[in-house]
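A short write-up of the structure that comes next.
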Amino acid sequence: MNETANNQAYACKECPAGMMHLQYITYFTWLSDELITVPNFPAWVCDVCGRRDYDERAIAWLSMLLNPDAGKSTTRARWPRPPLEKRDSTRPSLG
Ligand SMILES: [Zn+2]
């Protein structure tokens, strides 16, 4: 089992010198006539030629969310939001 670090990279397929780094970008896709934007979408971006490879699992996850059979309703799909960081409130309680 390999434990991978956060700053992993691999050689670019497009150019001989580039390295693909994981970055979080805003992903745009069309759902019927509606433009969907997905912030913080994982993508592998070459630092030389700028080639983008989207994470396969993220694409699979996205297509599952956008699958019209997944939830047939008139409401928009709601994106799961990362939990907000809890702030330490060191204020003394008033009253
Ligand atoms: Zn490249």
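Taking the working numbering, the leading residue of the sequence shown gets 4, the next gets one more, and so forth.
Here a beta-carbon is modelled for each residue, glycine too, at the ideal position from N, C-alpha and C.
Ligand 1 has no heavy atom closer than 7 angstroms to the beta-carbon of residue 55. Per DSSP, the unbroken beta strand (DSSP E) holding residue 55 starts and ends at 55–57. Burial is judged here by how many other beta carbons sit within 10 angstroms of a residue's own beta carbon; residue 23 has at least 16 and is buried. Taking 8 angstroms as the cut-off, the Cβ atoms of residue 21 and residue 50 count as close. In this structure, the CA atom of residue 53 is about 10 angstroms from the CA atom of residue 18.
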